[in-house]
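Here the structure comes first, spelled out in structure tokens, and everything after it is commentary.
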Amino acid sequence: MNNTTINTDVLIVGGGPVGLAMALELRYQGIDCIVIEESDGVISHPKVGTVGPRSMELFRRWGIAQQLRDAGWPYDHPLDIAWVTTVAGHEIFRLNFPSAGERPLPVYTPEPEHPCPHHWLIPLLISNLGKYPDGLVRLCCRMEKFEQQDDGVVAQVTYLESGNTQTIQAKYLVACDGAKSLIRKACGVDAPAYHPTRVFQNILFQAPELPEILGSRKALVFYMVNPKRLRYPLRSIDGKGLYRLTAVPQVDGETRDPQEAVEEALGINTPIKILSSVQWYLTHRVAENFRSDRIFFVGDSAHTLSPSGGFGMNTGIADAADLGWKLAAVLKGWAGSNLLDTYETERRPIALRNMEEANVNLQRTLKRTLAPEIMDDSPAGEQARQQMAEKMEHSDVRREFEAPGIHFGFRYESPAIIPDNCPLPTNDPHQWTQSSYPGCRAPHAWLEPGKSTLDLFGHHFVLMCFQGQQGVENFAKTCQQKSVPFTSIQINNPDIANIYERAYVLVRPDGHVAWRGDSLPDDPTGVIDRIRGYF
């Protein structure tokens, strides 16, 4: 295999959750791709905890949402968030979120969020895509250099276990190589910081007896309320005894002793085993461009944001869904190359929005004033805890942990979306309701038990018809002439018609509304050309 050359449509560099999601979407669209990942794919220090609801919808589209739900998180474990002086000490405030097995389905999605930490998620995605030589994922494979050419990208890679080298020729390269993206830097694209960088320490540990000790006091996340030392989350990773504590290094910059920090957070004598302690930098960056000719930046290579709210990975997975169908459309020849420019036009404003919302959540924790006596077993301590509880009861703290408007309420604006002259939906993610306004994610409604409107979308433009199909054949014929994948569906359910707001709603393969109207155009050529990137 030394110095052989292989060809593919899309080379994905980086096999994290977003790179693997990119491969899932491209494979779903029938596009040849290769993922190269420098590591062996084993996650020893899991980062991501919860897969957000829009990401779960996309995993449903790729046929693996149930696998994520069955990956190991206990269905009876509460998803509560609690603020405590120590895990065994005083509980000040609790947001109650029922367990995955008990909660009712929201009206707006068939796939609510679900805990699935990194060390379960990555192997699950890799097993679905398959490892080289039979599958798409090449582990222990490092890109040494790359070069853009007029008709593609040429990359040199090394297989670390054998030392063999290979040339990969691809029509496009997708950089999913993380926050320090060497590919983005080599392309000369800057990702300026919007807020100060902060340094944190994550301590991963086992406390096998803790779940039983806690019993009904179990929570998904315990926020420490310790004025001097700890005020960040202690999170259950697997619902069974694996936890991660977030701390800040000491005043002199030295990392904290992990054993000491965990014992302080727990406040209880129980066996613990420290597995790892990692220092990391919280940055708030968004790349100035999401594209450099035939190279696209997706996930952390395009944007990094505070984990407060859990929007980071989920923003990246939505990037992959947006870019994936567009690459497929151009590679299959039915879309104009301008369509690829709309990846940046549509996704960059969403990255900025999500970054700012995550920072609002972070600042809420940083700026919370904690009375010095709040830890004390005294009347003054009890009063301080009561005052904090009352403040939190009347604050917007819930929005960090229940943010459907962030996950679903983003609206794309680009030349490939045809807006109408109606009032825009509110831009406040906390006032969100489902909308068929062009650019929005098409609303979810149940067509029949187990089948959502979302299940209609994926490979075609779908024309939802709520008042008969007069003129639809014109649409279909024009799409056929231009090789645009198209299907129409008549829906005779007045409740769904009410949610969709118009007689006709045209939905893109990624599930976002491209156009809507109460009548179909006599000549649909202009609409169809625009939504496929000829503008």
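Heads up: the sequence shown begins at 15 in our numbering, then just goes up one per residue.
All residues carry an ideal CB built from backbone N, CA and C; glycine is no exception.
If contact is defined by three or more beta carbon pairs under 8 Å, each pair taking one atom from either stretch, is the segment 61-71 in contact with the segment 318-338? yes
Based on DSSP bridge pairs, tell me the residues matched to residue 295. 213
Do residue 285 and residue 225 have their beta-carbon atoms positioned less than 8 Å apart in this structure? no
How close, in whole Å, do the beta carbons of residue 170 and residue 181 come, if the pair is a contact with beta carbons under 8 Å? 6 Å
Have a look at 154, 168, 153 and flag the residue whose alpha-carbon is nearest the alpha-carbon of residue 160. 168
Identify, in the order they occur along the chain, each residue of the same chain with its Cβ nearer than 7 Å to the Cβ of residue 361, setting aside the five sequence neighbours on each side. 304, 333, 336
Delimiting residues of the alpha helix (DSSP H) encompassing residue 134: 132-143
Are the CB atoms of residue 277 and residue 244 nearer to each other than 8 Å? no
Report yes if the CB atom of residue 37 is closer than 8 Å to the CB atom of residue 196, and no otherwise. no
Tell me whether residue 387 sits in a helix, a strand or coil according to DSSP, three-state version. helix
For the segment 299-376, which segments carrying the beta strand (DSSP E) assignment without a break, of at least 3 residues, lie completely within its bounds, in sequence order? 309-311
I'd like to check one pair, residue 264 with residue 288: are the Cβ atoms closer than 8 Å? no
Name the two residues that bound the continuous alpha helix (DSSP H) containing residue 197. 196-200
If distances are taken between C-alpha atoms only, which option among 235, 85, 326 comes closest to residue 110? 235
Less than 8 Å between the beta carbons of residue 375 and residue 322, yes or no? yes
Relative to the C-alpha of residue 80, which residue among 473, 380, 135 is closest? 135
What is the rounded straight-line gap between the Cα of residue 84 and the Cα of residue 64? 14 Å
Same chain only: Cβ atoms within 6 Å of residue 51, ignoring 5 sequence neighbours per side: 29, 153
Closest by CA to residue 142, which one among 126, 220, 35? 35
DSSP beta-bridge partners of residue 382: Partner(s): none; residue 382 has no beta bridge.
Less than 7 Å between C-beta atoms, sequence neighbours within five positions excluded: which residues of the same chain meet that for residue 421? 66, 67, 68, 328
Cα separation between residue 138 and residue 31? 10 Å
Does the structure place the segment 308-318 close enough to the segment 198-215 that three or more beta carbon pairs sit under 8 Å? yes
Unbroken beta strand (DSSP E) run spanning residue 250, endpoints: 247-250
Relative to the C-alpha of residue 132, which candidate in 123, 108, 86 has its C-alpha closest? 86
7 Å Cβ shell around residue 365 - same chain, five flanking residues per side excluded: 300, 316, 317, 329
Thinking C-alpha only, which one of 442, 248, 191, 262 is nearest residue 281? 248
Taking the Cβ atom as the reference point for each residue, do residue 203 and residue 310 lie within a distance shorter than 8 Å? no
In the structure shown, what three-state DSSP assignment does residue 232 receive? coil
Just curious, the beta strand (DSSP E) that residue 161 is in, first and last residue? 155-163
Nearest-angstrom Cβ-Cβ length linking residue 524 and residue 339, presumed shorter than 8 Å: 5 Å
Might you give, ordered along the chain, the residues of its own chain that have their beta carbon closer than 6 Å to the beta carbon of residue 19, omitting 5 neighbours on each side? 181
Apart from the five residues on each side of it in sequence, which residues of its chain come closer than 7 Å, Cβ to Cβ, to residue 426? 360, 453, 526
Looking only at C-alpha atoms, which of 343, 531, 283 sits nearest to residue 46? 343
My guess is that residue 456 and residue 519 are in contact by the Cβ rule of under 8 Å, so how many angstroms apart are they, rounded? 7 Å
Nearest CA to the CA of residue 398: which residue from 240, 283, 296? 240
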